[in-house]
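Here's the structure we're looking at; comments come further down.
In our numbering, the protein residues as written are 5 to 131.
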């Protein structure tokens with residue numbers, strides 16, 4: 005993406021923060037945060053693994069998750085098709101992909117059984 009701007013959405017950010025070179029501490033910091041999240045994760049099954057703890061089918065919250073998933077999927081597909089595919093590996097779109105996954109799991113939760121592995125994944129993605 006030229007000058008670190010994606011469709012002009014980030015022009016308000018100073019260019020020295022949008023364009024590298026990045027600090028040599030950036031990658032070790034990201035790795036350390038991931039390792040700390042893995043090390044200090046909650047013990048046991050302290051997560052919402054019961055379908056009853058998710059929005060019921062066709063409720064307002066369920067519709068929000070379904071619409072959120074569809075919107076994010078369309079935006080990521082549009083960026084990949086009409087812009088640069090390299091944008092997919094940016095922090096912003098990686099976080100969009102994770103949130104899109106959470107919206108999907110929340111949308112299909114009424115169709116899953118209790119203790120389904122996707123419900124556990126949803127909790128892990130929440131961090």
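Cβ coordinates follow ideal geometry from the N, Cα and C atoms, glycine included.
Compare the C-alpha of residue 104 against each of 115, 54 and 76 and name the closest. Closest option to residue 104, Cα to Cα, is 76.
Is residue 84 closer than 7 Å to residue 92 when the C-beta atoms are compared? Yes.
My understanding is that residue 19 touches residue 7, with C-beta atoms under 8 Å, so please give their C-beta distance in whole angstroms. Between the beta-carbon of residue 19 and that of residue 7 there is about 6 Å, and that keeps the pair under the 8 Å contact cut.
Secondary structure, alpha helix (DSSP H): runs of 4+ residues fully inside the stretch 39–87: Listed in chain order, the alpha helix (DSSP H) runs fully inside the stretch 39–87 are 64–86, counting runs of at least 4 residues.
Ends of the alpha helix (DSSP H) at residue 89? Taken as a continuous stretch (DSSP letters only), residue 89 belongs to no alpha helix (DSSP H), as it is neither H nor E.
Shortest alpha-carbon distance to residue 112 belongs to which of 43, 9 and 72? Taking the Cα of residue 112 as reference, the smallest distance to any Cα among 43, 9 and 72 is reached at 72.
Only counting the same chain, and skipping five residues up and downstream in sequence, which positions put a Cβ closer than 6 Å to that of residue 79? Cβ within range, chain order: n/a, list empty.
Could you check what DSSP says for residue 115 in three-state terms: helix, strand or coil? Under the three-state reduction of DSSP output, residue 115 falls in the helix class.
If you drop the 5 nearest sequence neighbours on each side, which residues of the same chain put their C-beta closer than 8 Å to that of residue 14? When the five nearest sequence neighbours on each side are left out, the beta carbons in the same chain lying within less than 8 Å of the beta carbon of residue 14 are those of 8 and 22, in order along the chain.
For residue 58 and residue 114, which I take to be in contact (beta-carbon distance under 8 Å), what is that distance rounded to the nearest angstrom? So it is a contact: roughly 7 Å between Cβ atoms.
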